[in-house]
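Student: Attaching a single structure in structure tokens format; questions to follow.
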Amino acid sequence: MSRLSFRARLFIALLVVSALPVAVMTVGVVVALEAVSNTVGGDAVESVGRSAKAMYTSFKSIRGVGIPAETQAAVDHHLVVVDSLVTKTRQMGGLGRLFPVWLRGALILVALGLLALAAGFVRTLSRQLAGPLDEIVDWTGRIRRRQPLPADRSDGGIPEFAVLRGALRDLAQGLDQARVAELEAERLRAFGEVARRVAHEMKNPLTPIRLAVSQLRRTAPPEMHESLEVIAAESARLEAMAREFAELGRLPEGVSAPVDLFELLDDLMRSTLPVAMDRQLDVTGELRPIEGYYDPLRRAFSNLLRNAVEACSGHGKVTVSLRRTADGGQEILLRDTGPGVPEEKRELIFQPYYTDKGDGTGLGLAIVRQTIEQHHGTITVANSPGGGATFLIRFAS
Numbered sequence: 073m074s075r076l077s078f079r080a081r082l083f084i085a086l087l088v089v090s091a092l093p094v095a096v097m098t099v100g101v102v103v104a105l106e107a108v109s110n111t112v113g114g115d116a117v118e119s120v121g122r123s124a125k126a127m128y129t130s131f132k133s134i135r136g137v138g139i140p141a142e143t144q145a146a147v148d149h150h151l152v153v154v155d156s157l158v159t160k161t162r163q164m165g166g167l168g169r170l171f172p173v174w175l176r177g178a179l180i181l182v183a184l185g186l187l188a189l190a191a192g193f194v195r196t197l198s199r200q201l202a203g204p205l206d207e208i209v210d211w212t213g214r215i216r217r218r219q220p221l222p223a224d225r226s227d228g229g230i231p232e233f234a235v236l237r238g239a240l241r242d243l244a245q246g247l248d249q250a251r252v253a254e255l256e257a258e259r260l261r262a263f264g265e266v267a268r269r270v271a272h273e274m275k276n277p278l279t280p281i282r283l284a285v286s287q288l289r290r291t292a293p294p295e296m297h298e299s300l301e302v303i304a305a306e307s308a309r310l311e312a313m314a315r316e317f318a319e320l321g322r323l324p325e326g327v328s329a330p331v332d333l334f335e336l337l338d339d340l341m342r343s344t345l346p347v348a349m350d351r352q353l354d355v356t357g358e359l360r361p362i363e364g365y366y367d368p369l370r371r372a373f374s375n376l377l378r379n380a381v382e383a384c385s386g387h388g389k390v391t392v393s394l395r396r397t398a399d400g401g402q403e404i405l406l407r408d409t410g411p412g413v414p415e416e417k418r419e420l421i422f423q424p425y426y427t428d429k430g431d432g433t434g435l436g437l438a439i440v441r442q443t444i445e446q447h448h449g450t451i452t453v454a455n456s457p458g459g460g461a462t463f464l465i466r467f468a469s
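Residues in the sequence shown are numbered from 73 upward in steps of one, following our numbering.
So this is what it looks like as structure tokens:
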């Protein structure tokens, strides 16, 4: 036997609750009518009629014995009136016995009408309640199966269910974002593991190469010096690449401490930007130090500033703006006057090993995003209205 749907069970429950008072009221009225019809009737009048006839019979036995004619006429008239009253009472008694039957029928019809109205109301109410609940159950199944949710309804409905649908939609969106973040973190961990192994294998031969170059510089003839400089430069580049590989996927080391982002960025802009570039550092509102790791944050913002210098070819302007957000966090805007970032590349540039530079490793911005996210922040990029790229970094409170 299949189980009734929630809507059917709700309809039956509401119908029983609404029909019970009507049934009790109808039964009560019928019982009251029965009691009244049994206590109020023509028995008393019948008794008076029988008594009058008995008196008249006794009166006839003494009729004419000193009784005036007027008295005899009055007695005869009274007996006629009593007979007429008894006859009419009997007629009314028949109608009186039919009246409760008619009234019970009318009450039953009224009760059936009320039940029909109640059934219609209950059906509408159960549809309004069960429909959204069935929809919510369907939504939870969709969320569990990772299926998209239906579009927003335009018919309104019960406001509380609209709020619940909105909460479920936010929950689904949050779960999707969490799944994406989890997959991205897993992918980054895999990249980091590979990168650390590569870095380890690269560092092993680099140390003897540097020592050999240092010895050859002292003993090699002058015509070999240029080749040795090339070897030294490439070794240094490989060493820098190995350091970047080692940074990918690594958690910050040591104990976190308050980091003043304004002081950090002010120092970096003085030391990183060429003299030929214009610079501007703006602060809006009162900023508080964030809890974090100074060295990884310094490397991340240094990477962003170096990218801005490269984008502007050593000229142009770099503007950094800091402000406090409404939720107590901090927001940093880093703008340059370079060519900007094409829309199709704005997400790719944060992926490990993606680069459009001939000598790039593709790890710089991936490590930047890793560092920002390790400090409970986010980073995005867009093009500035006047040209150039704008990196937006947000740190939570």
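For each residue, glycine too, the CB sits at the ideal point set by N, CA and C. Just so you know, these numbers come straight off a predicted model, no measurement behind them.
1. Which residues share a DSSP beta bridge with V453?
2. Sort out for me which residues DSSP pairs D408 with in a bridge.
3. Measure the C-alpha to C-alpha separation of R315 and H272 and round it to an integer number of angstroms.
4. Can you give me the start and stop residues for the beta strand (DSSP E) that S330 sits inside?
5. Which first and last residues belong to the beta strand (DSSP E) in which L353 is found?
6. What do you get for H387, buried or exposed, if any count of 16 or more other CB atoms within 10 angstroms of its CB means buried?
7. Taking 7 Å as the limit between beta carbons, can you name the residues of its chain near L300, skipping five residues before and five after?
8. So, for E325: in the same chain, excluding its five sequence neighbours on each side, which residues have a beta-carbon less than 6 Å away from its beta-carbon?
9. Would you say R441 and F463 are within 7 Å of each other, going by their C-beta atoms?
10. Can you tell me which of R176, D155, A145, V153 puts its alpha carbon nearest to the alpha carbon of M97?
11. Would you call the stretch 449–463 and the stretch 397–409 touching, i.e. three or more CB-CB distances under 8 Å?
12. Checking 7 Å against the spacing of the C-beta atoms, do F317 and P424 come in under that value?
13. Note the first and the last residue of the continuous beta strand (DSSP E) segment covering I362.
14. Could you give the C-beta distance for L221 and R251, rounded to a whole number, given that I count them as a contact under 8 Å?
15. Hey, D49 and A461: beta-carbon distance below 7 Å or not?
16. For a quick check, are the C-beta atoms of L310 and F334 less than 7 Å apart?
17. Just to confirm, are L337 and V392 a CB contact at a threshold of 7 Å?
18. Can you name the residues that DSSP bridges to R395?
19. Cα-Cα, which of A329, M349, L340 is closest to P361?
20. Between V390 and L377, what straight-line distance do the alpha-carbon atoms span, to the nearest angstrom?
21. Could you check what DSSP says for D248 in three-state terms: helix, strand or coil?
22. Once the 5 residues before and after I281 are set aside, which same chain residues still bring their CB inside 6 Å of it?
23. For the alpha helix (DSSP H) that Q442 lies in, which residues bound it at each end?
24. Please report the straight-line C-alpha distance between A257 and E419, rounded to a whole angstrom.
25. What is the rounded straight-line gap between the Cα of R370 and the Cα of E319?
26. Closest by CA to I208, which one among D224, L236, A191, R342?
27. For the alpha helix (DSSP H) that contains I303, what are its first and last residues?
28. Going by beta-carbon coordinates alone, are C384 and G410 separated by less than 7 Å?
29. Which of the three DSSP states is assigned to V471 in this structure?
30. Looking only at its chain, what residues have a beta carbon closer than 6 Å to the beta carbon of A267, apart from the 5 residues adjacent to it on each side?
31. Which whole-angstrom value is the C-beta distance of S374 and L345, which I expect to be below 8 Å?
Tutor: Taking the definition as stated:
1. F463
2. V390
3. 9 Å
4. Residue identity differs from the one stated: residue 330 is Pro in this sequence, not Ser. Where P330 is concerned, the enclosing beta strand (DSSP E) stretches over 329–331.
5. 350–356
6. exposed
7. V285, L288, R289, A292
8. none
9. no
10. R176
11. yes
12. no
13. 362–364
14. Contact doesn't hold; Cβ gap of about 15 Å is too wide.
15. Residue 49 falls outside the range modelled here, since the chain spans only 73 to 469, and no answer is possible.
16. no
17. yes
18. T356, E403
19. A329
20. 8 Å
21. helix
22. S307
23. 436–446
24. 15 Å
25. 13 Å
26. L236
27. 297–319
28. yes
29. Given that the chain is displayed from residue 73 to residue 469, the structure contains no residue 471 and the question cannot be resolved.
30. F317, L320
31. Not confirmed; about 11 Å, so no contact.
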